[in-house]
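Peer 1: Going down the list, the protein sequences come from chains V and D. Position 53 (the first sequence) corresponds to 53 in the numbering used here; numbering is contiguous. Position 57 (the second sequence) corresponds to 1057 in the numbering used here; numbering is contiguous. Beta carbons are placed, not taken as given, at the ideal position from N, Cα and C, and that holds for glycine.
Number of protein chains: 2
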Amino acid sequence: MPKSDTHMTMRVVNHIRTLIESGGLQPGDQIPPEREFAQKLRISRASLRTGIGYLAAMGVMDVRHGVGTFVADGPPELGKSSLSLLGALHGFQSWQMFEARRILESELAALAAERGREQHFTSMSEEVAEMYATVNDPIEYLIHDVRFHRVIAQASGNPILAALMETITSALYDERRKTAERSRDLKESADLHREIFRAIRSRNASEARAVMERHLTMAQSAQDLEISAQAPPPNGRPAKKVRRSAGEA
Amino acid sequence: MPKSDTHMTMRVVNHIRTLIESGGLQPGDQIPPEREFAQKLRISRASLRTGIGYLAAMGVMDVRHGVGTFVADGPPELGKSSLSLLGALHGFQSWQMFEARRILESELAALAAERGREQHFTSMSEEVAEMYATVNDPIEYLIHDVRFHRVIAQASGNPILAALMETITSALYDERRKTAERSRDLKESADLHREIFRAIRSRNASEARAVMERHLTMAQSAQDLEISAQAPPPNGRPAKKVRRSAGEA
DNA sequence: TGTGCTACAGAGGTCCGACCACTAGAATAC
DNA sequence: GTATTCTAGTGGTCGGACCTCTGTAGCACA
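1) Short of 6 Å in beta carbon distance, which residues of its chain neighbour V/PHE197, apart from the five on each side in sequence? Order them along the chain.
2) So the beta strand (DSSP E) V/MET61 belongs to, where does it begin and stop?
3) Alpha carbon to alpha carbon, how far is V/ILE200 from D/GLY1066? Give it in angstroms, no decimals.
4) Between the C-alpha atoms of V/ALA88 and V/LEU108, what's the straight-line distance to the nearest angstrom?
5) Which chain D residues are close to V/GLN96, counting only those with a beta carbon under 7 Å from its beta carbon?
6) Report the neighbours of D/THR1050 on chain V: residues whose CB is nearer than 9 Å to its CB, in chain order.
7) Between which residues of its own chain and V/ARG209 is the CB-CB distance below 6 Å, once the five residues before and five after are set aside?
8) Would the beta-carbon of V/ASN158 fall within 7 Å of that of D/GLN1096?
9) Thinking D/GLY1028 and D/VAL1071 are a contact (beta carbons under 8 Å), I'd like their distance in whole angstroms, please.
10) Near V/GLU166, which residues of its chain fall below 6 Å by C-beta distance, leaving aside the five closest residues on each side in sequence?
11) Run down chain V in chain order and give the residues with a C-beta less than 9 Å from the C-beta of D/ILE1020.
12) Near D/TYR1141, what residues of its chain come up, given a Cβ to Cβ distance below 7 Å and the 5 sequence neighbours on each side ignored?
13) So with Cβ pairs under 7 Å, would you call D/VAL1060 a contact of chain V?
14) Going along the chain, which residues of its own chain have a beta-carbon closer than 7 Å to the beta-carbon of D/LEU1019, five neighbours each way excluded?
15) Since D/THR1069 and D/ILE1031 are thought to touch, with beta carbons under 8 Å apart, how far apart are those beta carbons, to the nearest angstrom?
16) Might you give, ordered along the chain, the residues of its own chain that have their beta carbon closer than 8 Å to the beta carbon of D/LEU946, omitting 5 neighbours on each side?
17) Would you mind telling me which residues of chain D sit closer than 9 Å to V/LEU37, beta carbon to beta carbon, in chain order?
18) Buried or exposed, going by whether 16 or more other CB atoms sit within 10 Å of the CB of V/GLY23?
19) Under the three-state reduction of DSSP, which class applies to D/THR1006: helix, strand or coil?
20) What number of angstroms, rounded off, separates the C-alpha of V/PHE121 from the C-alpha of V/MET212?
21) Should V/GLU99 go down as buried or exposed, given a rule of 16 or more other Cβ atoms within 10 Å for buried?
22) Beta strand (DSSP E) containing D/VAL1135: first to last residue?
23) Hey, does V/THR70 have any beta-carbon neighbour from chain D nearer than 7 Å?
24) Closer than 7 Å by C-beta to D/VAL1013: which residues in its own chain qualify, once you throw out the five before and the five after it? Chain order, please.
25) Give me the chain V residues within the contact set of D/LEU1172, using Cβ-Cβ distance strictly less than 7 Å, ordered along the chain.
26) Measuring only between beta-carbons, confirm whether D/GLU1099 sits less than 7 Å from chain V.
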């Protein structure tokens, strides 16, 4: 990694970081135009762009062509495709993503049960209702599904865990939207979400954890079936170990 | 996020991604020099650099001035300072990082107990021995401490969770190395690590999880004490986040 | 009055070509 | 044999020209 006082990239990153820490730059704020900002920092526009690119890659900045550059808004999330890229590099398996998600979200649910506030419970309740209302519209259903889990993450009171979850789910999303679930699955799914909600609202941490785990385990096996059904192994890589070897208790 | 077929950045990213997925590019491999590679891809060197910067920011590439650009090697990790940056932006608290770490590592320890192999146990044992041997050298001790936890992550068989842990610990590292622990704390710490190791080797998942949780809880309160001791609370500001150093330079 | 199209200003995106800075290894001097 | 210097090759920075995209103000037309 580049040194802070030498490389232009880090100079830009640190400058913006300082602006953020001092409160001079808030989420959603727009930074000055590149030409102007570069002149103010006494560096070339190219270097400024490098630094901004670095921040954008990590989800801290949001660059919009023809409009401007803004401080990222919305739920904290690490680089959008970073996990997916790392996955390609290190050969992540699908079940590993599900496992990671299951662990994170189970704990998130437990924390939400302990720390959630009324406003969170209200949002959860609304999303559950919307899920029931859209069991025949998988696309719309998925939106509320995602939102429900996101509210839980918020209610957990730990934005770091929430960011990690967001990172994993967005990596998982690509595969997920391709396998549109069937309606009857959605009814079951909505029921489970309702159970999760109830456990959280009654502040029963261990049950929230357990139900969430059950939900995600089911979701995984459902998706595994879909995949193996509609796409026979498209093999090609020699060392492709077919998972599930060790420790499935 | 730029579109894949329009933006040069994504063209580069996708090209390299394809090379990695096809096996034509493995961790540690060097990519062609920028001038040459840019010509081969029919794009300008500047655009190529943008794409490489994007990949480097996410920890997929490793750019070394005067040497070359390589595919990242070593343990998978998301952008090195990404969490720290996001933290500055969203006001992450120190206890939240510890909590996230505690949850991740506890589960990691449990998984390691279920799936760890002999080779992992051997490495863990070695690191524990090194820890005992360096209880009087905090700097050296910390190295083995980190390695021990890294072996556990490997032994868990889930590189994604390992990567998340790596991301958190590297964000935590900055604060950590400043508060060099005292020797007698290190002796206790080593004892706890030995306990963790024994639980994992005896494949006792729940105990491994419990001991790891205890270890990290202790580490947290120890560090909290250090901090509050050497930096008296600047009273009166209840919800003010702990400022990071941000470099004196 | 309303609606649709056009022109334009301002922002980011791409390119070029020159030059700077760093690293490792080869060539040289001792 | 060892230490020093030189050098080829690689990434880093620059500035300035030009392209593309977006939102909007203004115009033409119904």
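Peer 2: Quick answer:
1) On the first sequence, residue 197 of chain V is found 197 positions in, with the first residue counted as 1. Result list for V/PHE197: MET124, VAL128, in chain order.
2) As a working mapping, residue 61 of chain V is identified with position 61 in the first sequence. First-last of the beta strand (DSSP E) with V/MET61: 61-64.
3) On the second sequence, residue 1066 of chain D is found 66 positions in, with the first residue counted as 1. On the first sequence, residue 200 of chain V is found 200 positions in, with the first residue counted as 1. Between the C-alpha atoms of D/GLY1066 and V/ILE200 there is a straight-line separation of about 55 Å.
4) The residue you call residue 88 of chain V lines up with position 88 of the first sequence. The residue you call residue 108 of chain V lines up with position 108 of the first sequence. Straight-line Cα distance between these residues: approximately 27 Å.
5) On the first sequence, position 96 is the one that residue 96 of chain V refers to. Those within 7 Å of V/GLN96 in chain D are ASN1158, PRO1159, ILE1160.
6) Against the second sequence, residue 1050 of chain D aligns to sequence position 50. The contacting residues are ARG49, THR50, GLY53.
7) Walking along the first sequence from the start, residue 209 of chain V turns up at place 209. Same-chain partners within the cutoff: SER106, ALA109, ALA110.
8) For the purposes of this step, residue 158 of chain V is taken as residue 158 along the first sequence, with counting starting at 1. For the purposes of this step, residue 1096 of chain D is taken as residue 96 along the second sequence, with counting starting at 1. Closer than 7 Å, so yes.
9) Your numbering for residue 1028 of chain D matches position 28 in the second sequence. Your numbering for residue 1071 of chain D matches position 71 in the second sequence. Between D/GLY1028 and D/VAL1071 a beta carbon distance of about 6 Å is seen, short of the 8 Å cut, so the two are scored as contacting.
10) On the first sequence, position 166 is the one that residue 166 of chain V refers to. Cβ neighbours of V/GLU166 beyond the five flanking positions: PRO75, GLU77.
11) Stepping through the second sequence from its first residue, residue 1020 of chain D is reached at position 20. Chain-ordered, the chain V residues with CB closer than 9 Å to the CB of D/ILE1020 read LEU85, ALA88, LEU89.
12) By one-based count along the second sequence, residue 1141 of chain D stands at place 141. Cβ within range, chain order: MET1131, THR1134, VAL1135, LEU1186.
13) As a first step, residue 1060 of chain D is located in the second sequence; it is residue number 60 there, counting from the start. Contact of D/VAL1060 with chain V is assigned, a C-beta pair being separated by under 7 Å.
14) Locating residue 1019 of chain D in the second sequence gives position 19, counting from the first residue. Excluding residues up to 5 positions away in sequence, LEU1025 lie with their Cβ nearer than 7 Å to the Cβ of D/LEU1019 in the same chain.
15) Here residue 1069 of chain D refers to the residue found at position 69 of the second sequence. Here residue 1031 of chain D refers to the residue found at position 31 of the second sequence. Contact between D/THR1069 and D/ILE1031 holds: CB atoms are separated by about 5 Å, below the 8 Å threshold.
16) Only positions 1001 to 1249 of chain D appear in this structure, which leaves residue 946 of chain D out of reach.
17) Here residue 37 of chain V is taken as the residue at index 37 of the first sequence, counted from 1. The residue asked about is misnamed: residue 37 of chain V is Phe in this sequence, not Leu. Near V/PHE37 there are no residues of chain D at all, since even the closest Cβ is about 17 Å away, more than 9 Å.
18) In the first sequence, residue 23 of chain V corresponds to position 23, counting from 1. Looking at its Cβ environment, which holds fewer than 16 other Cβ atoms inside 10 Å, V/GLY23 is exposed.
19) Numbered from its first residue, the second sequence carries residue 1006 of chain D at position 6. Note: D/THR1006 maps to coil in three-state DSSP.
20) Numbered from its first residue, the first sequence carries residue 121 of chain V at position 121. Numbered from its first residue, the first sequence carries residue 212 of chain V at position 212. The straight-line gap from Cα to Cα measures roughly 16 Å.
21) Along the first sequence, read from residue 1 onward, the residue named residue 99 of chain V stands at position 99. Classified as buried, V/GLU99 has 16 or more neighbouring CB atoms from the shown chains inside 10 Å of its CB.
22) Your numbering for residue 1135 of chain D matches position 135 in the second sequence. No beta strand (DSSP E) contains D/VAL1135, which DSSP labels as neither H nor E.
23) Taking the first sequence and counting its residues from 1, the one referred to as residue 70 of chain V is at position 70. One point to set straight first is that residue 70 of chain V is Phe, not Thr, in the sequence displayed. With a threshold of 7 Å between beta carbons, V/PHE70 makes no contact with chain D.
24) Locating residue 1013 of chain D in the second sequence gives position 13, counting from the first residue. Closer than 7 Å at Cβ, skipping near neighbours: GLY1051, TYR1054, LEU1055.
25) Here the question's residue 1172 of chain D lines up with position 172 in the second sequence. Close partners of D/LEU1172 in chain V (Cβ separation under 7 Å) are lacking, with about 11 Å as the shortest Cβ gap.
26) The count along the second sequence starts at 1 and reaches residue 1099 of chain D at position 99. Yes, D/GLU1099 lies at the interface with chain V (some Cβ there is under 7 Å from its Cβ).
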